[in-house]
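Numbering (this note's numbering), first residue to last: 2 to 606.
We treat Cβ as the ideally placed atom computed from N, Cα and C, and that holds for glycine.
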């Protein structure tokens, strides 16, 4: 009785009992058993997590070649996010810039890129994607983009405030693309003077990734190099005469120089309204077609675009391997295939002859030769320079005067020239002093009789007795020729499109040449690429994309040779994702130990 009384007074939480098969068990026993079960399950679950591995590297596309489609598939499958992509590209850019043989391709990163990527990742989960560029990073050159410097490579514009995004950037943002950063370029789009292609005071000397100190060509030099080694998914460039066509040729990538007026130039630092155009520079025709479908279209801020036909074509629909079958392709040999005029090494023409055979094997009817009668006149003419010099002064003065703010005080071309003289340590280092084209442009006095005559002559030799004549005379669908020097000039003067794809590489025994001996910039050089250009009439991009795609898919020339090893960044998506996985894994372990200690401590108390 006393023992019972004492037992009743002992602290026994939940001391109600249950009679079962002659045994008595307190509910406390079930509680302890339940905790043990929870702990067991937690232990098993965490043990499985500890044993787990991040996704296999096989599910991550190699960023050296990764296409828009590759990256969209990976994001849709949940293998990685847009944030992961931006981090990977940022790391690759920093990796390349830190190398001894820095290529100086990308000179500024977008501080808002990761925030934008996170918002687009959330939108993907909650509403789906806007289109194929949703969450895809893009590098741009001289094109205005809010929040980053737009300088044309000149310190005179550093810190200036622009009125807003350029027309093409607005379209990219609306499509869900992420502006990753700004690429280097030939200063003032190579309209400053006799300085090496790819050099700007702000960005330094951009060089080719296929041979040390090789010329990247220009003026969209950084965009070409960035595309070539996977520093961005896609890039943009601008062309007045050759500034997309030549860099994509030198860097083993694809470029589309659109018809003048197909893409908006609003917000682009100008040279000439008659010739300026904005186009994609990518690793494949497919990606270039996707980008062009986004950036093409009318813009009330660029009157030239208002004359384009409706609707904007769906350019990816041109991606057909049979596009060349039955098409008449002309080979303009007069002047344009003469090495003494073009400066080409004979290996370029040898590779071109093989390309013509490929076109025939794909069903094309080649008309050879199909010469352009005005080719020799273009060689002797100075009319393009006359027009560009007048246009540059008028249009740059207008652009500079429209800036809401410019810390340097530069508001005119005359101010630019004076800024360079006053800041020679920045803008005119040894062997980079020349600004003759700026000075010549400043000496012009607006459109005059000489200007209008030159403009008319340009249209005559470029279009009337140029591309239009030869296409009509031989009933051609397009022209094809190596993408070097003179290849772009007829189309530039006419305002017509060019699609350029990889053609080949200089042989290992080629004699190294110098485009600029003072700066040790070389071309040609072993392994340096060169391209193949398809030219057509105004707004024939859909056809030209199809022709380029058929050739690209038959040859896969880009894949035949990679950049030199030191130029290729090592960072891949797997490194970014596995690093984040490791952080998560460590946090989970810490949580396990905390919870384990608390549970066992509570049970034992």
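When rounded, the separation of the alpha-carbon atoms in residue 542 and residue 354 is 24 Å. Of the candidates 189, 358, 212 and 475, the residue whose Cα lies closest to the Cα of residue 201 is 189.
Considered as a whole, the segment 473-497 harbours 490-495 as its complete alpha helix (DSSP H) runs of no fewer than 4 residues, in chain order.
By the neighbour-count definition (other C-beta atoms within 10 Å, threshold 16), residue 303 is a buried residue. DSSP links residue 281 through a beta bridge to 237. The count of Cβ pairs closer than 8 Å, one atom from the segment 164-183 and one from the segment 295-302, reaches three, so the stretches are in contact. In the DSSP assignment, the residues bridged to residue 215 are 523. Residue 87 is a Cβ neighbour of residue 181, given a cutoff of 8 Å.
Straight across, the Cα-Cα distance linking residue 452 with residue 493 is about 17 Å. A residue is called buried once 16 or more other Cβ atoms fall within 10 Å of its Cβ, and residue 573 is buried on that count. Excluding sequence positions up to five before and after residue 396, its CB lies within less than 6 Å of the CB of 271, all in the same chain and listed in chain order.
Residue burial is scored here from C-beta neighbours: residue 100 has fewer than 16 other C-beta atoms within 10 angstroms and is therefore classed as exposed.
Rounded to the nearest angstrom, the Cβ distance from residue 333 to residue 371 is 6 Å, consistent with a contact under 8 Å. Exclusion of the five residues before and after residue 369 leaves 331, 332, 334 and 357 as the residues of its chain whose Cβ lies within less than 8 Å of its Cβ. The C-alpha of residue 152 is placed about 18 Å away from the C-alpha of residue 435. Within the segment 123-211, the runs of beta strand (DSSP E) at least 3 residues long that lie entirely inside it are, in chain order, 138-141 and 179-184.
Non-local beta-carbon contacts of residue 489 in its own chain, meaning distances under 8 Å to residues more than five positions away in sequence, involve 240, 242, 243, 246, 247, 258, 499 and 534 in chain order. In this model, residue 284 and residue 551 are separated by some 15 Å (Cα to Cα). Counting other Cβ atoms within 10 Å of its Cβ, residue 95 stays below 16 and is therefore classed as exposed.
DSSP links residue 515 through a beta bridge to 523. When C-alpha distances from residue 483 are compared across 342, 433 and 362, the shortest belongs to 342.
Separation of the CB atoms of residue 134 and residue 69 is rounded to 7 Å, and the pair is thereby assigned contact status at 8 Å. DSSP assignment within the segment 443-470 yields the following whole alpha helix (DSSP H) runs of 4 residues or more, N-terminal first: 450-460. Contact annotation: the segment 438-452 touches the segment 389-406, with at least three C-beta pairs closer than 8 Å. When secondary structure is reduced to three states using DSSP, residue 535 falls in the strand class.
Relative to the Cα of residue 157, the nearest Cα in the group 420, 474 and 561 belongs to 420. In this structure, the straight-line span from the alpha carbon of residue 414 to that of residue 455 is close to 22 Å. A straight-line Cα-Cα distance of about 19 Å links residue 255 and residue 568.
With a threshold of 16 other beta carbon atoms within 10 Å, residue 77 falls short and is exposed. In this structure, residue 137 lies near residue 235, with their beta-carbon atoms less than 8 Å apart.
In the assembly as shown, residue 410 is an exposed residue. Its beta-carbon has fewer than 16 other beta-carbons within 10 Å.
The three-state reading of DSSP puts residue 366 in strand, counting E and B together. Of the other Cβ atoms in all chains shown, fewer than 16 fall within 10 Å of the Cβ of residue 383; this residue is therefore exposed. A straight line joining the alpha-carbon of residue 161 with that of residue 92 spans about 27 Å. Beta bridge pairing from DSSP links residue 317 with no other residue. As computed with DSSP, residue 109 is found in a beta bridge with 183.
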